[in-house]
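Top to bottom, those sequences are chains A and B. 308 is the number that full-length UniProt numbering gives to position 308 of the first sequence; each next residue is one higher, with no gaps. 299 is the number that full-length UniProt numbering gives to position 299 of the second sequence; each next residue is one higher, with no gaps. Ideal Cβ placement from N, Cα and C applies to all residues, glycine included. Report on one structure; see the data block that follows.
Number of protein chains: 2
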Amino acid sequence: MSKPLSIAVAGLGTVGTGVLKLLATNADLVAARAGRRIIVGAVSARSRNRDRGVPLDAVRWYDDPVALAQDPGTDVVVELIGGSEGPARALVEAALAAGKPVVTANKALLAIHGAAIAELAEARGIPLAFEAAVAGGIPAIKGLREGLAANRIQRVAGILNGTCNYILTVMREQGREFAEVLAEAQALGYAEADPSFDIDGVDAAHKLAILAALAFGRPVDFAAVHVEGIRAVTALDIALAGELGYRIKLLGIASSTEAGISARVHPCMVPVAAPIARVDGVFNAVVAEGDFVGRVVLEGRGAGAGPTASAVVADLIDLARGRHTPVWGAASGALDSAPAVPMDRHRGAYYLRLMVLDRPGVIADVTGILRDESISLEAMLQRGRAPGEAVPVVLTTHDCEEAAMRNALSRIGALDSVLEKPALIRIEPI
Amino acid sequence: MSKPLSIAVAGLGTVGTGVLKLLATNADLVAARAGRRIIVGAVSARSRNRDRGVPLDAVRWYDDPVALAQDPGTDVVVELIGGSEGPARALVEAALAAGKPVVTANKALLAIHGAAIAELAEARGIPLAFEAAVAGGIPAIKGLREGLAANRIQRVAGILNGTCNYILTVMREQGREFAEVLAEAQALGYAEADPSFDIDGVDAAHKLAILAALAFGRPVDFAAVHVEGIRAVTALDIALAGELGYRIKLLGIASSTEAGISARVHPCMVPVAAPIARVDGVFNAVVAEGDFVGRVVLEGRGAGAGPTASAVVADLIDLARGRHTPVWGAASGALDSAPAVPMDRHRGAYYLRLMVLDRPGVIADVTGILRDESISLEAMLQRGRAPGEAVPVVLTTHDCEEAAMRNALSRIGALDSVLEKPALIRIEPI
């Protein structure tokens, strides 16, 4: 067996500790599959004293991650600090500059600075691996970039944030409102104290930007991703979705159209029969559609120490075996340059839910506005009757353009018989 | 870009033609992802004249596949003839002997002669790739052997035969009997004229034997797989399964237990809530459980020209990029040698359906026999009452040993109040 692969791990939080535990627990099995032992030679973390349940006395400690990147005995640098700036970014850049392969779980860093970092890695011919950055333990990056490499990918979509999926699942199962379920999720540790990164869709958008780059063979472009979170989803809309045969999921969807590449993260109504509609709780799923393979669905745990460590060590085994793939699946000269399609140009079907004053003429006003914007109705239902009082009215449309729907929505919202900000959820025939 | 990868394709049936079409349709995309062009330099097929919709005038034709394997201009040999013996086997052995990497979709060959072929490939240090041999377009082999490589796999299971899954799905949806649905499937081309290979579970067992070898890092061992097909599944049992909250699927299941490795293919009752219960029609699914990653589910099209070609070309792209993996995931010296566990030693829960004469004492006789074999009942239900006539009686058990259940079954079948061969289906808490 060849000489051991000596790694340096920066960041010993949940994930970093999980990686050390996995390498200790499955040392022989990992060695057999990697063709050599993988040993932790150096680490960098805030506290040296915290007990992490794994022996660290033999390893070289660094307070400065950048110094860790230059550790002469290190073959591969593993970045598990997190965050798009600061020490994580400095460490990755320093490691590549020092000619050391990098394994990272950092989706924020890759989404925002991935294009430049990939150029640096390619220019120096150094592997950069990041299976753990998307969908945790699901081999989504390997599956898409290698497993489906023979296909022209038309679309990649997924449930990419376990916190949002957990909240939406509990809201549906228990008929409860967002704020209440979020507070409970925070108490249970399923949501951060500051949850905005998850519930506003930013984390899912980071992952989608990476998936889109791999699916379509282009540098990552986070700025082009349209992002909406789940704060505005109500128990009423989840219940109405059920009546209409849909489930509400926060999806990231990237598709290749004649006009270019569209990438968006927002709540969607998906048919209850779609495989992705059944992916509940903290589970993630990635759906890819290729011209020869058809639709492939990958499902599993999207977060947590174990699944993330599984992905990080899978990357290390690839490196130990000398299995390399260009960051975006192809050399920079062969990357795709299709333009990004703005959200205004998106075409799709919509669910619109209004709270209106139950009096004659309201529906005529609303449907008149939709007609003016050449939006054709698929269905309309008013829940209950309460003359002079507020009642919910649901409208679903055939495919129309987002810009037209936005115009209609602002005019409808301005009607004095419309009592609340209208709820809009896009319908995805996924 | 490096020099093209010149491949020789043996077998130009549905799959072979699909591979040529994919390489022609996605030539530029494949070249970008492979880092070089992949060109078809030589072919071998029965008829030279058949129009396959792809130009073949420029390629070198061979009538003898073994001669094709020695074609001096060939970098990689692609075996798409099929069958565990004859020309397919001779071609693969000749190619490896000639030092040429092999890509094959041949599950029968790998299941039956894979151990010896893998040794030959390893001894000569030549890559042998076979993503297309299991679950068609689903990147199951790459996902398991590379994507989950950091995990100790406890279990791998799957819906591995689209024909059986299609037949069982139609039987359930339309409440029809096996023979009738099979005949229809044959008319539609979903089942072969001689369907035994599929419906008797042999094809699924070939694929399971390969998955088990990859999951547990051991040479493939088809002889150790217990195989039952779906001929005995009735519309009545499918309906009763539904009442009990189950669906009947033909599953291949390989698990690692204290006693060793158990591998079996047979109809199973799976909880309707399990992801795999919703995989219907010709779709396949593979479920893997790892100690760190937890459960991962991969779903997609398990057969057909497009999905199979997608998998074959993914292997070619790996080879073009120089990405290699030992056949069973580890070098022969590091392979696992746990014993195979015979089916008699299997422990699980059972569904038993009898047609009995509706008269006093019958249930007492049956339950007495189960007690004698120390099998404890979970539930018992008799459908309807018809004194003196035949009525179905369903019993479900707690976990017990297969051998005990077999003894009980033969004694129960011998009771004169039991009018038909009892139906037995294993319950899997997958």
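In DSSP terms, what residue i is bridged to
i                     : result
residue 299 (chain A) : A:285, B:297
residue 226 (chain B) : B:264
residue 355 (chain B) : B:392
residue 128 (chain B) : B:102
residue 418 (chain A) : A:356
residue 290 (chain A) : A:153, A:294
residue 401 (chain A) : A:347
Host beta strand (DSSP E) of residue i (start-end)
i                     : result
residue 265 (chain A) : 260-271
residue 378 (chain B) : 377-382
residue 252 (chain B) : 246-257
residue 155 (chain B) : 153-159
residue 423 (chain A) : 423-427
residue 79 (chain B)  : 76-79
Best match in the options for proximity to residue i [C-alpha to C-alpha]
i                     : options                    : result
residue 31 (chain B)  : A:151, A:29, A:136, A:312  : A:151
residue 394 (chain B) : B:240, B:203, B:201        : B:240
residue 18 (chain B)  : A:326, A:425, A:292, A:92  : A:292
residue 343 (chain B) : B:332, B:126, B:426        : B:426
residue 389 (chain A) : A:418, A:381, A:35, A:410  : A:418
residue 220 (chain B) : B:429, B:208, B:227, B:34  : B:208
residue 259 (chain A) : A:85, A:205, A:154         : A:154
residue 71 (chain A)  : A:124, A:379, A:22, A:60   : A:60
residue 20 (chain B)  : B:105, B:56, B:384         : B:56
residue 2 (chain A)   : A:25, A:423, A:422, A:34   : A:34
residue 380 (chain B) : B:273, B:398, B:184, B:386 : B:398
residue 58 (chain B)  : B:39, B:128, B:376, B:160  : B:39
residue 75 (chain A)  : A:201, A:212, A:4, A:302   : A:4
residue 122 (chain B) : B:352, B:306, B:330, B:386 : B:330
residue 226 (chain B) : B:251, B:140, B:242        : B:251
residue 215 (chain B) : B:160, B:300, B:83, B:328  : B:328
residue 141 (chain A) : A:347, A:170, A:107        : A:107
residue 129 (chain B) : B:316, B:351, B:307        : B:316
residue 402 (chain B) : B:385, B:147, B:29, B:351  : B:351
residue 262 (chain B) : B:222, B:245, B:396        : B:222
residue 319 (chain A) : A:103, A:354, A:124, A:187 : A:103
residue 432 (chain B) : B:373, B:91, B:82, B:169   : Coverage of chain B is limited to positions 1 through 430, which leaves residue 432 (chain B) absent and any answer about it impossible.
residue 97 (chain B)  : B:80, B:120, B:355         : B:120
residue 296 (chain A) : B:295, B:294, B:303        : B:303
The alpha helix (DSSP H) enclosing residue i, as first and last residue numbers
i                     : result
residue 362 (chain B) : 362-372
residue 93 (chain B)  : 86-97
residue 243 (chain B) : 235-243
residue 168 (chain A) : 162-174
heavy atom of the ligand SAH below 8 Å from residue i C-beta
i                     : result
residue 259 (chain B) : With respect to the ligand SAH, the structure offers nothing, as it holds no ligand at all.
In the stretch 4-68 of chain A, which residue ranges form an unbroken beta strand (DSSP E) of at least 3 residues, counting only runs that do not cross its ends? Within the stretch 4-68 of chain A, the beta strand (DSSP E) runs of at least 3 residues that lie entirely inside it are, in chain order, 5-10, 38-44, 60-62.
Scan the stretch 303-356 of chain B and note each continuous alpha helix (DSSP H) run of 4 residues or more that stays entirely inside, going in chain order. With a minimum length of 4 residues, the continuous alpha helix (DSSP H) runs that stay inside the stretch 303-356 of chain B are 305-321.
Runs of alpha helix (DSSP H) wholly within the stretch 179-226 of chain A (minimum 4 residues, chain order): Complete alpha helix (DSSP H) runs here, min 4: 196-199, 202-216.
Would you call the stretch 220-239 of chain A in contact with the stretch 134-141 of chain A, where contact means no fewer than 3 C-beta pairs closer than 8 Å? Of all C-beta pairs linking the stretch 220-239 of chain A to the stretch 134-141 of chain A, fewer than three are shorter than 8 Å, placing the two stretches out of contact.
Below 8 Å, can you find three or more Cβ-Cβ pairs linking the stretch 334-341 of chain A to the stretch 168-179 of chain B? Judged by Cβ distances under 8 Å, the stretch 334-341 of chain A makes no contact with the stretch 168-179 of chain B, as fewer than three pairs qualify.
Contact between the stretch 351-368 of chain B and the stretch 323-336 of chain B is defined here as three or more beta-carbon pairs at a separation below 8 Å; is this criterion met? With a cut-off of 8 Å, the stretch 323-336 of chain B and the stretch 351-368 of chain B do not count as touching, because too few Cβ pairs lie within range.
Does the stretch 272-285 of chain B come into contact with the stretch 75-94 of chain B, if we say contact requires no fewer than three beta-carbon pairs (one atom in each stretch) closer than 8 Å? With a cut-off of 8 Å, the stretch 75-94 of chain B and the stretch 272-285 of chain B do not count as touching, because too few Cβ pairs lie within range.
Taking contact to mean 3 or more Cβ pairs, one atom from each stretch, closer than 8 Å, check whether the stretch 393-412 of chain A and the stretch 367-384 of chain A are in contact. At 8 Å Cβ cutoff, the stretches touch.
Say whether the stretch 43-52 of chain B touches the stretch 6-15 of chain B, bearing in mind that this needs 3 or more beta-carbon pairs closer than 8 Å, one atom from each stretch. Segments in contact, yes.
Please confirm if the stretch 261-277 of chain A is in contact with the stretch 255-270 of chain B, defined as three or more CB-CB distances below 8 Å between the two stretches. Proximity of the stretch 261-277 of chain A to the stretch 255-270 of chain B falls short of the contact definition, fewer than three beta-carbon pairs being nearer than 8 Å.
Flag this pair as touching only if the stretch 104-122 of chain B and the stretch 195-214 of chain B have three or more C-beta atom pairs under 8 Å; answer yes or no. Taking a contact to require three or more Cβ pairs closer than 8 Å, the stretch 104-122 of chain B and the stretch 195-214 of chain B qualify as touching.
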